[in-house]
Amino acid sequence: MTTLLIVDAANVVGSVPDGWWRDREGAARRLRDALVPYAGAGLAERPGPLDIVLVVEGSARGVEPVPGVRVDPAPGSGDDRIVALVAEAGAPCVVVTADRELRRRVAALGAETVGPRAVYGGR
Numbered sequence: 022m023t024t025l026l027i028v029d030a031a032n033v034v035g036s037v038p039d040g041w042w043r044d045r046e047g048a049a050r051r052l053r054d055a056l057v058p059y060a061g062a063g064l065a066e067r068p069g070p071l072d073i074v075l076v077v078e079g080s081a082r083g084v085e086p087v088p089g090v091r092v093d094p095a096p097g098s099g100d101d102r103i104v105a106l107v108a109e110a111g112a113p114c115v116v117v118t119a120d121r122e123l124r125r126r127v128a129a130l131g132a133e134t135v136g137p138r139a140v141y142g143g144r
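For the sequence shown, my numbering gives the first residue as 22, with consecutive numbering after it.
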């Protein structure tokens, strides 16, 4: 069964102080593009293929999907949308975030969590 990798775009982008706040949509696009290789290759502990969903919110809602990465524009809170995706998933889930409360919420639903460096370290 393919693992669903759900990425908290706002949290992951915010983990790298590269001026993302000046162009949130552009930062989310860069993250989306950085995620593409993981669709086939997987993560260190999760071999590919992975079904990747990038959850965006606010001014990043205009980011389009690309082959290998679906984009889910949260209608409200990105965290609430991530929790809903985990609850709806019929597959194992890994959520990428450093947000402690979100980690707690998705772990209660059976999802694993990894930090932003698993997919976006040093960029």
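Cβ coordinates follow ideal geometry from the N, Cα and C atoms, glycine included.
Residue 60 beta carbon less than 9 Å from that of residue 90: yes
Go ahead and label residue 143 buried or exposed: buried means 16 or more other beta carbons lie within 10 angstroms of its beta carbon, across all protein chains shown. A caution first: residue 143 carries a pLDDT of 44, below 50, which makes its placement in the model too unreliable to give a value.
If you pair each beta-carbon of the region 125 to 132 with each one of the region 41 to 49, do three or more pairs fall below 8 Å? no
With a CB to CB cut of under 6 Å and the five nearest residues on each side skipped, what residues in its chain are close to residue 63? 69 and 71
Start and end residues, beta strand (DSSP E) containing residue 56: Element bounds for residue 56: not the beta strand (DSSP E) but the alpha helix (DSSP H), 45 to 62.
Alpha carbons only, please: which of 104, 122, 53 and 116 is nearest the one belonging to residue 92? 53
Do residue 123 and residue 32 count as a contact pair if the criterion is CB distance below 9 Å? yes
Using a Cβ-Cβ cutoff of less than 6 Å, which residues in the same chain neighbour residue 88 once the five nearest sequence positions on both sides are dropped? none
Just how far apart, CA to CA, sit residue 115 and residue 27? 6 Å
Quick one: which unbroken beta strand (DSSP E) runs of 3-plus residues sit fully inside the region 97 to 130? Chain order, please. 114 to 117
Cβ atoms of residue 85 and residue 99: under 9 Å apart, would you say? no
Shortest alpha-carbon distance to residue 135 belongs to which of 41, 67 and 55? 67
What is the DSSP secondary structure of residue 35, reduced to helix, strand or coil? helix
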